[in-house]
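Okay, so the sequence shown: first residue is 39 according to this note's numbering, each after it adds one. Quick reminder that beta carbons are idealized off the backbone N, C-alpha and C, glycines included. Predicted model, so just to flag it, every value in this text is computed and none were measured.
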Amino acid sequence: MFTLAHELAHIWLGAEGEGLSGFEGLFPGDARVERFCDQAAAEFLVPARELKERWRGVKGAPEPFERMARQFKVSPIVVGRRAMDLQLVDRKMFFEFYGAYTTRERGRAKRTRGGDFYNNQNTRVGERFATHVILAAMEGRLGFKEAYDLTGLRGGAFQKYARRLGMDLP
Numbered sequence: 039m040f041t042l043a044h045e046l047a048h049i050w051l052g053a054e055g056e057g058l059s060g061f062e063g064l065f066p067g068d069a070r071v072e073r074f075c076d077q078a079a080a081e082f083l084v085p086a087r088e089l090k091e092r093w094r095g096v097k098g099a100p101e102p103f104e105r106m107a108r109q110f111k112v113s114p115i116v117v118g119r120r121a122m123d124l125q126l127v128d129r130k131m132f133f134e135f136y137g138a139y140t141t142r143e144r145g146r147a148k149r150t151r152g153g154d155f156y157n158n159q160n161t162r163v164g165e166r167f168a169t170h171v172i173l174a175a176m177e178g179r180l181g182f183k184e185a186y187d188l189t190g191l192r193g194g195a196f197q198k199y200a201r202r203l204g205m206d207l208p
């Protein structure tokens, strides 16, 4: 959301000819336009007045950045950085939170196995379409190379997907 708001600020300024800005990290580069776009995005997503008002109710609570993130519908890092910029928290508190948060998220990402390739084919190719293509290939009405091209699957992946759909290839 922050990146989208930042790039919209470029468009509002008429600076879209510069292209998408780089990822300078947590602190923007020296360019005035980049700083302005960062500030505009921050104010648009997490207005200073609202954050200051709401911060009083969460500053002593567990996970204050996460709570505010849910209210503003942004990442906890955006709220944390905004709180630091508005001097609601000091740099030390922000960077302690940032380190713990990124470590926790990396650990979460490693534990997640991801989706199932063959289940995704039902959405990507379409189960009904794939069934007809596989049947046509099995009956010789369509060459396997053409079936591969139509489904975007090759060899073993094509055969395994066919089996998952309940069809046994020769």
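- Here the C-alpha atom of T189 lies approximately 16 Å from the C-alpha atom of G178.
- Counting only unbroken stretches of 4 or more residues, the alpha helix (DSSP H) elements lying wholly within the region 94 to 123 are 102 to 110, 114 to 123, in sequence order.
- Using a Cβ distance threshold of 8 Å, A185 and F196 count as a contacting pair.
- For the pair Q125 and F135, the Cα-to-Cα distance works out to about 15 Å.
- Y199 is the residue among T140, R142, M122, Y199 whose C-alpha sits nearest the C-alpha of T161.
- By the Cβ test, the region 79 to 90 is in contact with the region 107 to 124, since at least three Cβ pairs between them sit closer than 8 Å.
- Around the CB of G137, fewer than 16 other CB atoms lie within 10 Å, so the residue is classed as exposed.
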